[in-house]
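As given, the protein sequences belong to chains U and L, one line each in that order.
Sequence positions in the first sequence follow my numbering and run -1 to 126.
Sequence positions in the second sequence follow my numbering and run -1 to 126.
First up is the structure itself, then whatever we jot down about it.
Protein chains: 2
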Amino acid sequence: MTRPADEHDKFLFDVFAQRCPSRSTLEHLTGKWGTLAMVALHEGTFRFNQLRRRVDGVSEKMLAQTLQALERDGFVHREAQPTIPPKVEYSLTDRGRHTAELLLGLIQDVESQMPDVMEARQRYDAAR
Amino acid sequence: MTRPADEHDKFLFDVFAQRCPSRSTLEHLTGKWGTLAMVALHEGTFRFNQLRRRVDGVSEKMLAQTLQALERDGFVHREAQPTIPPKVEYSLTDRGRHTAELLLGLIQDVESQMPDVMEARQRYDAAR
DNA sequence: GGGTTGCACTTTCTAAAAGTTTGTACAAAC
DNA sequence: GTTTGTACAAACTTTTAGAAAGTGCAACCC
C-alpha cells in the first residue's frame, strides 16, 4: 500500500532545488513582468495592447513571452478570434485567480511599506 | 486642512507606474533570487556561504547583490564581525519577516499547484 | 612547513536574457 | 491613398546574469 497522492506530492516539489520544475513556475509568476501581468488580469479581461498599456514599460516581445509562459502553466486563458485584424482576449483561469490574489496581497504590502523603504534607503546610502 | 498622511500615502505609490520606486522594491523581492533569499532567511539566521548552499544555484555575485538590495530596502539585517576570516550574519528585520510570510505563502501555493501545472504544460505542448 | 580549504566578498570576462526595431496582412478611419 | 491599429515573429543590439579568478589571512592536514 502506497501513501495517498496528495501527501506524496507535498514532498515531490521544492523551489530551493535548482532543477525542480517549480523553480521555473515561480519565476514565471515573480519575474519582472509576471507579477504585474497577473495582477492586471485580476482586474478583468484584457486585449493584448490594452494590457500592454496597463503594464507600463513592458515591451511587446516580453509581454508576449510572459503571457505564453503563464498560459502554458495554466494561470492565464487565451481566447483568440481569427479575424483580421486579430482580436485576442486574455483572462485568468480559476487557478490563476487564486494565485493572483496572493500576488495582489504582496503588491499592496509593498506599496504600503514604501514610506519605510524610502527611509531605509536614505539611511543606508547616508552610511557611506 | 490636508488629508491624513496614511490616506495620502496609499495613492502616492503605484507599481504599475514605470518610474515609481515601488517597482524596484517589488523587483528586489520577487526577482529570481530575492524570493528565495527572503524565504530562506525566514527559517533563521544564515552566514553568507550557508545561505548560498541553501539557495541552490545562486552565484556569489548575485547573492551578494540581492542581499545588498534587500538590506538597503530594510528587509534584511546584516551583522558583520571584522575578524579574519570574516563572519557575517544575515537575518530578517521585523518588516522583512512580515513580507517573507507572504512570499512563503506564494511558494507553498506554487509547490502545491505543481501537479496541475505539469498537466497544463503537457496539454499546451501537445496542442502544437 | 607546504599545500589545501574556507571565509565574504570584488573584479573581470563571457554567455544569456531583455529590449528595440522592422515586418506582416489586412481593415477602418481620415 | 496615407496613416493607424491589431497581435505577434524574427533579426539585431544592449543590458544583465553567471562563471572564473583574485584577495588576505587563518586553521587544518600530513
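Here a beta-carbon is modelled for each residue, glycine too, at the ideal position from N, C-alpha and C.
| message | Within 8 Å, do at least three Cβ pairs link the region 63 to 81 of chain L to the region 78 to 89 of chain U? | response | Output reads no: the region 63 to 81 of chain L does not touch the region 78 to 89 of chain U.
| request: Report, in whole angstroms, the separation of the C-beta atoms of U:A38 and U:L49, which I expect to be a contact under 8 Å. | output: 6 Å
| field | Supposed close pair U:T97, U:F73 - CB separation, criterion 8 Å | value | 6 Å
| query | Comparing alpha-carbon positions, which option in U:S22, U:S20, U:M36 lies nearest U:G94? | reply | U:M36
| message | Between the region 101 to 115 of chain U and the region 105 to 114 of chain L, can you find at least three pairs of beta-carbon atoms closer than 8 Å? | response | no
| field | Alpha-carbon spacing of L:R45 relative to L:R17, whole angstroms | value | 34 Å
| field | Cβ pair U:S22, U:F11 closer than 7 Å | value | no
| task | Taking only beta-carbon positions, decide if U:A15 is within less than 7 Å of chain L. | result | yes
| field | Any chain L beta carbon closer than 7 Å to U:A118 | value | yes
| By the criterion of Cβ-Cβ separation under 8 Å, what are the contact partners of U:V74 in chain L? | Within 8 Å Cβ-Cβ: nothing; U:V74 doesn't reach chain L, min ~10 Å.
| task | Taking all protein chains shown into account, decide if L:I105 is buried (16 or more other Cβ within 10 angstroms of its Cβ) or exposed. | result | For L:I105, the number of other beta carbons within 10 angstroms of its own is at least 16, and it is reported as buried.
| task | Given a cut-off of 7 Å, decide if L:W31 and L:T81 are closer than it, judged by their beta-carbon atoms. | result | no
| said: For a test of your reading of the model: does the CB of U:Q106 fall under 6 Å from any non-hydrogen atom of the ligand FAD? Yes or no. | reply: Within the structure as shown, the ligand FAD is missing, as the structure has no ligands at all.
| request: Can you give me, in chain order, the residues of the region 28 to 53 of chain L that have a beta carbon less than 9 Å from any beta carbon in chain U? | output: T28, G29, K30, G32, T33, L34, V37, A38, R52, V53
| U:A124: buried (16+ other C-beta within 10 angstroms of its C-beta) or exposed? | exposed
| task | Using 10 angstroms around the beta-carbon of U:A62, count the other beta-carbons present and answer buried if the total reaches 16, otherwise exposed. | result | exposed
| field | The alpha helix (DSSP H) enclosing L:L22, as first and last residue numbers | value | Here residue 22 of chain L is Ser; the residue named in the question, Leu, does not match the sequence. Counting along the chain, L:S22 sits inside the alpha helix (DSSP H) bounded by residues 19 to 28.
| Nearest-angstrom Cα separation, counted from L:N47 out to U:N47 | 44 Å
| field | Proximal chain L residues relative to U:P19, where beta-carbon distance stays under 9 Å | value | M112, V115, M116, R119
| Does the Cβ-Cβ distance between U:H40 and U:L100 come in under 7 Å? | Against a cut-off of 7 Å, the Cβ pair of U:L100 and U:H40 comes out as no contact.
| Which first and last residues belong to the beta strand (DSSP E) in which U:R126 is found? | No beta strand (DSSP E) holds U:R126; DSSP gives it neither H nor E.
| request: Check U:E58 in the structure and name its three-state DSSP category. | output: helix
| query | Looking only at C-alpha atoms, which of L:M116, L:A118, L:V13, L:R126 sits nearest to U:D54? | reply | L:V13
| field | Rounded separation between L:S57 and U:Q79 - CA only | value | 45 Å
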